[in-house]
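Below: one structure, written as structure tokens.
The following block contains the structure:
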């Protein structure tokens, strides 16, 4: 009486096939990431050493290490985050908590979305025009970091907006209702509940700017510098740019060098992303309710 | 202002964008009474309730004409500070909405936002007296630092009422406070509401005519943004003067 009809059996077979298809596709999506990592490791690990990490490049970048590029990448990333993070979070708070839904704010939102779609080379040209030339910063860490922050702003604003929107409206109403001002509500109720999401967005954007090449190409990064940057008005080297240089512009670089450089870059970005995940889960567990 | 009235509205109209939700309301609501607002969905009863502490000014354009006085003061006067208004006119929502904090912190959240450096003994006192007022002190006195979200819905709703009390409100607005509760919860909340009448003026929006009959002293029947009829609850339900009212309380529409 409860035996499956032929029709039902066919349906179940179909369902099983579909499930297998989905899992295979998912697996193949994961595969490239794995292969890239393995490939880089196999090809580059022979060059990887403490010396490689902590020495200057020597002999026309065909020997030595990549220390100045790591330093430069850190300068760029940290300054760009210091600028983009407060600006982006403030803008998102305004858009989510204060701005009325009218034509103006709709245009602003649209502009932010479009900004996210602008290719990084165009950001580079903008940075060259606005920061390097118009604001007379010259090609410098500052100009390059600011270009990176302009590029990251839409990402930070969008992710912050999403996390603010995820805080139930009823929490805000409850808080207003006991006479808390809008600012008090944001400080005590909205932000504490959206911090994990905001942080995740910020750290992911850090990873993005660490790998960015085009945006810093004209604005502050040099092919080779014989000294470390002393201030934000100096130029610097960067991992991503260095990878391009030693892969295509310099003759006689050992085979393993570009791979090792790429490996360092990827590990740096991966560790930042894992930091994001760790932070998120830390804040989730710390929140008692 | 008449001392017996907590709310006086005068030709009050209200719009969400171009949609007129309330049309020239003119009536008074008595103090230390429970007034029920009834009417079919979309009749404007919730809108009116939210106008009383101006909770509906977010998300889109709103506009109004005429005036609402609460305790004799025009609440739409430019000088009115919304936090102060909401402190004195507290609202309880359809769905219990305790903050994602402990029971204790829920109860003192309002006081903390208004007074700087409150002594912790004062806070303790606030928590105890407001929980006692809603009849939950004995149950909860040993678990004040539990998450408020872990309480049952009925207790959450009691907590939402209790957290208004430390602010010494004069008028309580209840927006269908029982619609998320089971029959036992409904009964408990209704008993609490009737008891609170001694100290507070209460306006309750309800979908249930039986609830209006059970708890309220006066009833206002609204339809399409207008007041059709208002009066003593008993009178309004036993001998409605308007056809529309009669039809609604008979369940013929709405």
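Residue numbers (my numbering), protein chains in the order written: chain A, -7 to 281; chain B, 587 to 840. Even glycine gets a Cβ: it sits at the ideal position worked out from N, Cα and C. Because the structure is a prediction, the values reported are computed rather than measured.
- Shown here, residue 611 of chain B sits in a strand according to DSSP, grouped into three states.
- Residues of the segment 689 to 702 of chain B that bring their beta carbon within less than 7 Å of a beta carbon in chain A comprise 695, 696, 699 and 700, in sequence order.
- Using a Cβ-Cβ cut-off of 9 Å, residue 181 of chain A is close to 685, 686, 687 and 695 of chain B, given in chain order.
- In this structure, residue 264 of chain A places its C-beta atom within 8 Å of the C-beta atom of residue 198 of chain A.
- Interface annotation, residue 749 of chain B: in contact with chain A, CB-CB separation under 8 Å.
- Between residue 85 of chain A and residue 191 of chain A, the C-beta spacing is not below 8 Å.
- Boundaries of the beta strand (DSSP E) harbouring residue 788 of chain B: 787 to 791, taken from the DSSP string.
- Here the segment 198 to 212 of chain A makes contact with the segment 255 to 264 of chain A; the two share three or more CB pairs at distances below 8 Å.
- Contact between residue 276 of chain A and residue 221 of chain A fails: their C-beta atoms lie close to 38 Å from each other, not under 8 Å.
- For residue 676 of chain B, the chain A residues whose C-beta falls within less than 8 Å of its own C-beta are 169 and 170, listed in chain order.
- Residues of the same chain with a CB within less than 7 Å of the CB of residue 762 of chain B, apart from the 5 flanking positions on each side, are 680, 791, 792 and 793 in chain order.
- When C-beta atoms of the segment 46 to 56 of chain A are compared with those of the segment 117 to 134 of chain A, fewer than three pairs fall below 8 Å, so the two segments do not count as touching.
- Identification of chain A residues near residue 753 of chain B by a Cβ-Cβ cut-off of 9 Å yields 170 and 171, ordered along the chain.
- By the CB criterion at 8 Å, residue 800 of chain B and residue 776 of chain B fall inside the cutoff.
- At a C-beta separation below 8 Å, residue 163 of chain A has these neighbours in chain B: 683, 685 and 686.
- For the options B:618, B:615, B:596 and B:630, the alpha carbon positioned closest to that of residue 811 of chain B is the one of B:630.
- Counting along the chain, the unbroken alpha helix (DSSP H) around residue 690 of chain B starts and ends at 689 to 700.
- Contact residues of the segment 182 to 207 of chain A toward chain B are 185 (C-beta to C-beta distance below 8 Å).
- The alpha-carbon separation between residue 35 of chain A and residue 41 of chain A amounts to approximately 14 Å.
- Taking the Cβ atoms as the reference, residue 648 of chain B lies roughly 27 Å from residue 616 of chain B, outside the contact range of under 8 Å.
- Judged by DSSP in its simplified three-state form, residue 805 of chain B adopts strand.
- Annotation: residue 625 of chain B is outside any beta strand (DSSP E) and is labelled neither H nor E by DSSP.
- Taking 8 Å as the cut-off, the beta carbon of residue 147 of chain A is found closer than this to the beta carbon of residue 108 of chain A.
- Annotated three-state conformation of residue 159 of chain A is coil, per DSSP.
- Rounded to whole angstroms, the gap between the alpha carbons of residue 145 of chain A and residue 16 of chain A is 36 Å.
- About 12 Å separates the beta carbons of residue 132 of chain A and residue 64 of chain A, which is beyond the 8 Å limit, so they are not a contact pair.
- Your pair residue 25 of chain A and residue 249 of chain A does not check out as a contact, with CB atoms roughly 23 Å apart and the cut at 8 Å.
- Secondary structure at residue 602 of chain B: strand, using DSSP grouped into helix, strand and coil.
- Taking 8 Å as the cut-off, the beta carbon of residue 208 of chain A is found closer than this to the beta carbon of residue 139 of chain A.
- Its Cα nearest to that of residue 167 of chain A, the residue B:746 stands out among B:606, B:746, B:780 and B:774.
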